[in-house]
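See below for the structure under consideration.
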Amino acid sequence: MNPKRAGMLLLSVFIALMLGGCVTTPPVEEVEVDGPTSDQGLQRLLEAVVRIDVREVTFRGGSKQNITGQGSGVIVSAEGHILTNAHVVSNFAEEIRITLASLERVKGELLGWDHWTDLALLKMDMEELTERGLTFTHAAFGDSDTLYPGQPVLAVGTPNGLTRTVTRGIISNTNRFFEGADHVRGYETGYFNTWLQTDAAINPGNSGGPLVTENGEIIGINTRAYLGANNLGFAVPAKTAQLVLAGLMQTEEIVRSYVGIVLGPMQDLETFYNVEANEGALVESVDPRSPAANAGILPGDILISLEGTRLDGRFPEQLPPLQNIIANYPVGTELTFGVKRQGGIEEFKVTTEQLESRVGEEWAFDKWGLSVREVSRAYARENKLESEDGFLVLGVKIAFPSDRAGMRAGDIVTKINRKSLGSLEELRGIHDEFDDDSDPLFVEVTRNYQTSLFILQP
Amino acid sequence: MRRVLSIFLTFLSGTLLLPADTLPDNLSELAMERRQTIVAIEFVLERELDRQEGGAFGLVVDQDGTVVVLPSRIPVWEPVEKLKDFYGYTLPYSGERHRLEYLGEDYASGWHVLKFKNELPEAFIPITQFDRATVGMGDQVFAVGALTKDFGFDPYVMTSRVALAKRMPDLQLIFRDGIANPGCPVFNAKGAFVGWLLEPLAFNQIMKVGRDTMNISLRNPDESSVALSSKEFFDYLDHIKGSEINGSRAWIGVSGMQPIDPEVAKYLGIEKQSGIVLSEVLEDSPASAVGLEDNDIVIGVDGKPLPQLKPDSSLTPFFQWLIRRKAPGETIALEVIRGEERKQFSIEIGEGPKMVREADYRFYEKLGFTVREFLLSDGIRRRVEKDQMQGAIVNFVKRSSAVETAGLRRGDWIRQIEGEPVGSYDKALQMLDAVEADEEKAEFVLLVERNNETSFIRAQLK
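Protein sequences appear in the order of chains S and B.
The numbering used here applies: residue -18 is where the first sequence begins, and numbers increase by one.
The numbering used here applies: residue 5 is where the second sequence begins, and numbers increase by one.
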């Protein structure tokens, strides 16, 4: 939505989507890592890289449809855990097939995903592996904090379906910042981390595969690249990936705190705001009705401190880690921000909420030819909707009742038969009872903030 | 094939030779006389850095030299003072231009009203000098139009028959093809005025290019096939003459008027009539004062049920017309459905808020942008509470200026200037005046809101 962000996205056509990265769950237990190896290291890594074929559902166009995709992944534990991108395997996945280094195929299941960092955790069907007598190795992580520009790296994956492709390059930048976020099927991603940039060739299908050192240690998960550019690829740093991995081993999703502040770099504005260099983070925007907005924080405020610790948001690269600090507090924590506003410094207390996606649950109603997405808290606030109760129409099927009634993609269904709809479950209930003998349904819809009324005829 | 064609042609010539109202032998004489009711108009839209030419055909409606022009032919989103150099020309172009004065837009009809600066030049005749008549399906008509200025505004005549006369709810005459320019008059076979050509209809066509089939919509901007009937034309004209152009506008303070379709009407138990949903009743408005609420459905106005019109969408302008033809201070009675209840309201018509073309503007030449005052319509679009509806909207950004490079865009709502909250529009002007006047200024910081998100614009002026 932000102008600059839109510009950024225009410039870049990403192979895959981008990622963000931070995590809140305290690292519970280190993923099993064997000591670094030398020559054998790379061999072992190569044996741990897999190809992933996915069949997933989409609710565009008024119905539930299947789409297939393909990407890469890397086995990271002896128990058969595989790390990949959330845009390779999302929670829309219905069937996951893993191709091992031995070219044998096994089933996989999704344990959890984190679209905010574009990472997903899968597990292979271990029973099937045992039954069939299949074996595999798992790869080890390296330290993504000690990388240096110019360091040789390899990317391994399945670019354009070419299984087990290794490409070679260097680390081009260790701390690449992208303003704003891209999307994993509409889900936000990329708020919480910076990226490793590499010139190792990365193409569609490399997504989810590892970026590794010459001795085969994972230092990043290849996630996106500029299409049409010459070797501008980007990977989620291993540090972020390891934290998300640890979190997803415990629960299906990573829980983060949210206050609703969008930060902007202070750079060049220090004199304007009369602050020291390397002091403070600029509030670029405050999400409507968010905790920060309710607490009275305004755009143009400068966050000097958080819980007594001074903040430094001078350069864009420093902003994702700051967002991460906030995200890492337990949900419901009352945070004290020291805020500089027009000369004085004031304290603001903001109680965090759980970070939620603007994308709600999706579903398709066959008899109506209608697919919807639940209006989420974030979506309602962002669009200044009066209520969070409602369903965004993703699509209508031509000549089905919802189409014939006049409904369109983008409408928000607010009421049926004059009653507000609290949950998707309620809507399913109404749909289940809808048949040829049903009474027509009286549907109230918000379109561009205007109310339209429709009749769904059986 | 040839035979089929000839049968068809016979049929067609049969229809063209209906006896009732055949065109007279002196058609060219009638047409050339009537061309004098038409004024070819040119004007200039002067913007911050460039000028644009505009043109239209207007109809002379009285001996005082009043001329009416269709709504879309003169931009209404630009301030009136930017519309300049209105001149009228005869058909064909005589080498002489006649200065016209732009009086404004009639709120109820949307028509633009102009007047010859001096008295009506002799070369023109008001349409009222000719008889008027009503025509119906199948009747023979002719219309006078003109070529473009390059071709000397040469007048032409075309003939047609009324294919359909339809109430929408104004009675409109639809012909098979375009017969003259929008804004030109249509006459019956006897030469009586029967209609005023409106904006052309669009026709859907299927185009095949190689293996691809495309649905395209075609519209000839220079020839219209739909006219407002003369009766309605004069009804609107009487309203315009009786009211003050640029005067107060009737308004009840609701936004998002959505017509309901017949199925919904049936569900609501109002078969054979229709209704309009009032999506939003604005704060502190005449409608909210009497207790109208968001999503009330109006089903009757001043004791009469709202009719079912086709298309459904023509109900909204009809309802607006019922309000707009009244004067502030008069009342309008609305019958409303709310949930399962029916309610009656009597609303005292209020005065409408400022429109975009009436807003105050200021161009900052050095900074490279124009601001205009924040209007109620901006507030409605942005879902802003009434007490926050203030400040300045960016109305123009100079290309490649420092502010454009920094990301400022037309439509941005300025929230802070140099770190100071903007507050009122006047305060914004004061602050911007100071920045514009400051020769030393090297850096200029704005906070703007766009799509409910704010961002900083950091412009390097030096």
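The beta carbon of each residue, even a glycine, is placed where N, CA and C say it ideally should be.
Treat the numbers as computed from the prediction; the structure is a model and nothing was measured.
Collapsed DSSP secondary structure at residue i in the structure displayed
| i | result |
| --- | --- |
| B/ASP300 | strand |
| B/THR70 | strand |
| B/PRO186 | coil |
| S/ARG322 | strand |
| B/TRP417 | strand |
| B/PHE207 | strand |
| S/VAL312 | coil |
| B/VAL439 | helix |
| S/ASN275 | helix |
| S/PRO269 | coil |
| S/ILE307 | helix |
| B/VAL360 | helix |
| B/SER76 | helix |
| S/ASN141 | helix |
| S/ASP392 | coil |
| B/ILE244 | helix |
| B/GLU453 | strand |
Buried/exposed call for residue i, threshold 16 Cβ in 10 Å
| i | result |
| --- | --- |
| B/THR94 | buried |
| B/LYS402 | buried |
| B/ALA206 | exposed |
| B/PHE460 | buried |
| S/ASN429 | exposed |
| S/MET(-1) | With a pLDDT of 28 at S/MET(-1), under the threshold of 50, the predicted position of this residue should be treated as unreliable, though the coordinate-derived value follows. Buried is the call here. |
| S/GLN335 | exposed |
| S/ILE48 | exposed |
| S/LYS330 | exposed |
| S/GLN24 | exposed |
| S/GLU169 | buried |
| S/CYS3 | Its pLDDT being 33, under 50, S/CYS3 is placed unreliably by the model, and the measurement read from it follows with that caveat. Buried, since its Cβ has 16 or more Cβ neighbours within 10 Å. |
| B/PRO28 | exposed |
| S/LEU191 | Checking the displayed sequence, the identity of residue 191 of chain S turns out to be Pro instead of Leu. Buried, by the Cβ-count rule. |
Cβ-Cβ separation, residue j to residue i (assumed contact under 8 Å), whole Å
| i | j | result |
| --- | --- | --- |
| B/ASP265 | B/ASP316 | 5 Å |
| B/TYR271 | S/ILE436 | 6 Å |
| S/PRO269 | S/ARG362 | 5 Å |
| B/ASN250 | B/GLY62 | Contact flag wrong, Cβ pair sits at about 18 Å. |
| S/THR175 | S/GLY123 | So it is not a contact: roughly 17 Å between Cβ atoms. |
| S/LYS220 | S/SER125 | 5 Å |
| B/ILE351 | B/PRO290 | 5 Å |
| S/LEU91 | S/ALA101 | 6 Å |
| B/ALA406 | B/ALA463 | 4 Å |
Run of the alpha helix (DSSP H) containing residue i, from where it starts to where it stops
| i | result |
| --- | --- |
| S/HIS164 | Note, S/HIS164: premise wrong, no alpha helix (DSSP H); beta strand (DSSP E) at 163 to 165. |
| B/LEU31 | 31 to 38 |
| S/SER383 | 382 to 386 |
| S/HIS412 | 405 to 414 |
| S/THR148 | It is not in any alpha helix (DSSP H) - S/THR148 instead sits in the beta strand (DSSP E) that spans 146 to 157. |
| B/ASP382 | 380 to 385 |
| B/SER292 | 290 to 293 |
| B/LYS270 | 266 to 271 |
| S/MET107 | 107 to 113 |
| S/ALA359 | 358 to 363 |
For residue i, the first and last residue of its enclosing beta strand (DSSP E)
| i | result |
| --- | --- |
| S/THR98 | That residue, S/THR98, is in no beta strand (DSSP E); it is neither H nor E in DSSP. |
| S/PRO218 | 214 to 218 |
| S/ARG36 | 30 to 39 |
| S/THR333 | It is not in any beta strand (DSSP E) - S/THR333 carries neither H nor E in the DSSP assignment. |
| B/SER233 | 230 to 233 |
| B/ARG342 | 335 to 342 |
| S/VAL424 | 422 to 428 |
| B/LEU319 | Here B/LEU319 belongs to no beta strand (DSSP E); instead the alpha helix (DSSP H) covers 319 to 328. |
| S/GLU251 | Element bounds for S/GLU251: not the beta strand (DSSP E) but the alpha helix (DSSP H), 251 to 254. |
beta-carbon residue i near the ligand ATP non-hydrogen atom, thresh 6 Å
| i | result |
| --- | --- |
| S/ARG78 | What this structure holds is no ligand at all, so the ligand ATP is not there to describe. |
With three or more beta-carbon pairs closer than 8 Å as the criterion, would you say the region 182 to 189 of chain B touches the region 228 to 246 of chain B? yes
Closer than 8 Å is the cut-off here; do at least three beta carbon pairs connect the region 27 to 37 of chain S with the region 49 to 58 of chain S? Contact check between the region 27 to 37 of chain S and the region 49 to 58 of chain S: three or more CB pairs, one atom from each, fall below 8 Å, which counts as touching.
Taking contact to mean 3 or more Cβ pairs, one atom from each stretch, closer than 8 Å, check whether the region 31 to 51 of chain B and the region 292 to 299 of chain B are in contact. The region 31 to 51 of chain B is not in contact with the region 292 to 299 of chain B.
Count Cβ pairs between the region 103 to 118 of chain B and the region 387 to 399 of chain B that sit closer than 8 Å; are there 3 or more? no
Do the region 111 to 121 of chain B and the region 186 to 200 of chain B meet, that is, are 3 or more Cβ pairs less than 8 Å apart? no
Three or more C-beta pairs under 8 Å: does that hold for the region 80 to 87 of chain B against the region 42 to 50 of chain B? Yes, the region 80 to 87 of chain B is in contact with the region 42 to 50 of chain B.
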